[in-house]
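What follows is a single structure, written as structure tokens, with notes after it.
There are 2 protein chains.
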Amino acid sequence: MSNSVEIPFSTTLLVRDTCLCLHAQRAARALARLFDDALRPAGLTNGQFSLMMSLNRPEPPPMGPVASLLAMDQTTLTAALKPLQRKGWVMVMENPKDRRRRLLVLTGEGKAVLARALPIWKETHAMLDGRLPDGGSARLRQELLAVSGMAVETPKSAASLRRPRHSGRAMGE
Amino acid sequence: MSNSVEIPFSTTLLVRDTCLCLHAQRAARALARLFDDALRPAGLTNGQFSLMMSLNRPEPPPMGPVASLLAMDQTTLTAALKPLQRKGWVMVMENPKDRRRRLLVLTGEGKAVLARALPIWKETHAMLDGRLPDGGSARLRQELLAVSGMAVETPKSAASLRRPRHSGRAMGE
DNA sequence: ACTAAATACATTGATATCAATAGAAATGAG
DNA sequence: CTCATTTCTATTGATATCAATGTATTTAGT
Chain C
16 MSNSVEIPFS TTLLVRDTCL CLHAQRAARA LARLFDDALR PAGLTNGQFS LMMSLNRPEP
76 PPMGPVASLL AMDQTTLTAA LKPLQRKGWV MVMENPKDRR RRLLVLTGEG KAVLARALPI
136 WKETHAMLDG RLPDGGSARL RQELLAVSGM AVETPKSAAS LRRPRHSGRA MGE
Chain X
16 MSNSVEIPFS TTLLVRDTCL CLHAQRAARA LARLFDDALR PAGLTNGQFS LMMSLNRPEP
76 PPMGPVASLL AMDQTTLTAA LKPLQRKGWV MVMENPKDRR RRLLVLTGEG KAVLARALPI
136 WKETHAMLDG RLPDGGSARL RQELLAVSGM AVETPKSAAS LRRPRHSGRA MGE
């Protein structure tokens, strides 16, 4: 049937070398491994560290804004909280003001774990920073931010209409 | 016990704003959603597209180099191939020259699916490109590449000794 | 107050991701 | 040639990720 549909090898090389999505996935995986390895003695993964750190606020946040901040699906956040709850590092409580909402609360033990992980993060990040070309760190950060923000709103893509999640900003300055 | 270990909110904001790992995960998730949405009519995810495209070579590659190219664990590749095999888009064959190795072969139907996905990728990527500041695309690509390559080799990290995977380059120019 | 719509979160099912481990085959030292 | 080592892949278990869907609660329109 659909046989002999040949795609030129040059096209493969083009995609490999230019696809921003592929480059982002590669970099994300590599950085995840780097931080996972470093944080392992603290008992955290990079994602757990980011999540728990984002819960360290004066007022415990609900789930929606945290999911937006991390640019992840709300259902992913629900799942990601499970192991942290089991370990007693995070509590998911009802908000009496609006019983649909939850309050994500870092426990004392959760804060202690996070405090132990913090110097590892600093060290690892400083090391990473030092290896990037001068100013590369800031540039890269800014461009990644632009990409995340951009992909959130896709006027052309009907997907944002079909699935109006991922609204954007969160956690006020 | 380990109570009242307070981490200042300013530290949380610092991590949120500067952590390259977090920024990379955010951008990777956002881009994955963008391309997943776009490629959905073709029946592929962004990862499946990248993987299958990387198999479109004159000679079918073994698993190791493909995993390195995608900067993913070899076990992840094994798992990622399963659904593609079920759909009949990829065949995993033994290499008679070295029976430890596998040859990853794109089937005719696989090539057809990939060919249908290609214009979607082009369109989506052009749209993305257009929204980035001038030259931002190339700069971002280069920096992501630097990060992926860097995180692969971590002389300081004993992890690379304990777990000598992810060797680096693959798929010759 | 009543009801339709919107909001916030949870559940299910499928895939992605990696650490730890195991297995099979090839390689090298003697 | 033999055996220990190395290389290449698969399996298992845990978590991460999202689409589709469901449920409870609040809000808005009347």
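In order, the protein sequence lines correspond to chains C and X. With positions in the first sequence counted from 1, the corresponding number in this note's numbering is that position plus 15. With positions in the second sequence counted from 1, the corresponding number in this note's numbering is that position plus 15. Glycine included, each C-beta is placed from N, C-alpha and C at the ideal position.
Shown in chain order are the members of the stretch 69-96 of chain C whose Cβ falls below 9 Å from a Cβ of chain X: Ser-69, Leu-70, Asn-71, Arg-72, Pro-73, Leu-84, Leu-85, Ala-86, Met-87, Asp-88 and Thr-91.
The CB of Leu-129/C comes closer than 9 Å to the CB of Val-20 and Ile-22 in chain X, given here in chain order. DSSP lists no bridge partner for Leu-37/C. The Cβ atoms of Pro-77/C and Arg-116/C sit closer than 8 Å to each other. Taking the C-beta atoms as reference points, Met-142/X is found no nearer than 8 Å to Thr-27/C.
Shown here, Leu-121/X sits in a strand according to DSSP, grouped into three states.
Against chain X, the beta carbon of Ala-161/C has neighbours under 8 Å at Leu-147, Pro-148 and Gly-151, listed in chain order. An exposed status is given to Lys-112/X, since fewer than 16 other beta-carbon atoms sit within 10 Å of its beta-carbon. Taking C-beta atoms under 8 Å as the contact rule, Ala-47/X and Asn-61/X qualify, at a distance of about 5 Å. In this model, Leu-160/X and Leu-70/C are separated by some 31 Å (Cα to Cα). Of all residues in the stretch 30-41 of chain C, the ones placed with a Cβ closer than 9 Å to any Cβ belonging to chain X are Val-30, Arg-31, Asp-32, Thr-33, Cys-34, Leu-35, Cys-36, Leu-37, His-38, Ala-39, Gln-40 and Arg-41, in chain order. Of the residues assessed, Ala-94/C falls on the exposed side of the cut-off, its CB having fewer than 16 other CB atoms within 10 angstroms. Out of Pro-75/C, Gln-157/C, Asp-52/C and Arg-146/C, the CA that lies nearest to the CA of Ala-132/C is found in Asp-52/C.
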